[in-house]
Amino acid sequence: MILYLQDLQENPAAFFVFFAAFAVAVLTGLAFHEFSHAWSANELGDDTAKRQGRLTLNPIKHLDPIGTTLLFVLGFGWAKPTPVNVWRLRGGALRGGALVSFAGPASNFFFAAVAAVPIRLGLVDTDVIVPPGFTLVEAVIRFGDGMDLVWLFLTFIVALNVVLGIFNLIPIPPLDGFAVLQGLLPRDLARGLQQLAPWGPGILMGMILMGFLVGWSPITWLIGLVYDDILGVILGT
423 MILYLQDLQE NPAAFFVFFA AFAVAVLTGL AFHEFSHAWS ANELGDDTAK
473 RQGRLTLNPI KHLDPIGTTL LFVLGFGWAK PTPVNVWRLR GGALRGGALV
523 SFAGPASNFF FAAVAAVPIR LGLVDTDVIV PPGFTLVEAV IRFGDGMDLV
573 WLFLTFIVAL NVVLGIFNLI PIPPLDGFAV LQGLLPRDLA RGLQQLAPWG
623 PGILMGMILM GFLVGWSPIT WLIGLVYDDI LGVILGT
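Take any residue in the sequence shown, count from 1 to its spot, add 422: that is its number in our numbering.
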């Protein structure tokens, strides 16, 4: 949103479209993410989340009040972690845990793909003329109306879910990517890597804060490595 702040100020309707898309991505994207953890764990033999009422798409069951508030205010936050007893999973703690962890980011990419269907089928499109020096999204934000804003709404939902999916695959605990990496590594190496887990939250927070303090974030850089490619595949561009 910060990247497009000036453009959003020029078109209040686009600002509300962005806010609505952000709310949908947060409330439904995060809920679907955590539901996918619960569903995959249940399918692999652990019903812990189901017994705690987390095998549901109801956002209220998954959203953390503080984490959700920070998402809307600062752009990063968290949902309630889905309880999983990895020792009850078929495939074992490492392989089974990796599958359960991967289900979360995969759900974000799936959600993005569903939101992209109307765009890919040509049911929703934009005919805004892109002036020199503008990207298509910037032009739609600044000059779009009507169907252009529907296109913008869906594009924002796709983009935000792609970001959520990539972010959660970064292999730093407590992100899902750490468990996914452990499941891919040889068992001895994976168990040795587990010793880094207590340091993970501090490392992750330091990387996020770096973006605010020095204007460059390793997190943003990592997401940027694959963001355009994944977005292009989902949107068919």
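C-beta atoms are modelled at their ideal positions from N, C-alpha and C, and glycine is treated no differently. If you're wondering where the values come from, they're calculated on a predicted model, not measured in any experiment.
Specify the secondary structure class of residue i as computed by DSSP and reduced to three states.
i              : result
glutamine 474  : coil
leucine 597    : coil
threonine 659  : coil
serine 639     : coil
leucine 466    : coil
valine 552     : coil
asparagine 661 : This structure does not reach residue 661, given that the chain is present from 423 up to 659, and the question cannot be answered.
glycine 633    : helix
leucine 571    : helix
threonine 557  : coil
leucine 644    : helix
glycine 587    : helix
isoleucine 625 : helix
proline 608    : coil
Please classify residue i: is it buried, with 16 or more other beta-carbons within 10 angstroms of its beta-carbon, or exposed?
i              : result
threonine 577  : buried
aspartate 468  : buried
proline 595    : buried
valine 648     : exposed
asparagine 433 : buried
Is the beta carbon of residue i sitting closer than 8 Å to the one on residue j?
i              : j                 : result
arginine 512   : leucine 466       : yes
isoleucine 641 : isoleucine 630    : yes
glycine 566    : valine 552        : no
alanine 436    : leucine 571       : yes
alanine 471    : proline 505       : yes
valine 602     : isoleucine 652    : no
alanine 538    : isoleucine 625    : no
leucine 492    : valine 448        : no
valine 439     : phenylalanine 556 : no
isoleucine 579 : valine 446        : yes
alanine 463    : valine 522        : yes
glutamine 604  : leucine 516       : yes
Check: Considering only residues of the region 481-549, which uninterrupted alpha helix (DSSP H) runs meet the minimum length of 4 residues and lie entirely inside it, listed in chain order?
Finding: Qualifying alpha helix (DSSP H) stretches, in chain order: 487-496 and 514-542.
Notebook entry, point to check: Do the region 577-595 and the region 527-547 touch if we need at least three Cβ pairs shorter than 8 Å?
Noted result: Yes, they touch.
Next item on the list: Taking 8 Å as the threshold, find out whether the region 445-460 comes into contact with the region 478-491 through three or more Cβ pairs.
Entry: Two segments are said to touch when three or more pairs of C-beta atoms, one from each, lie closer than 8 Å; by this definition the region 445-460 touches the region 478-491.
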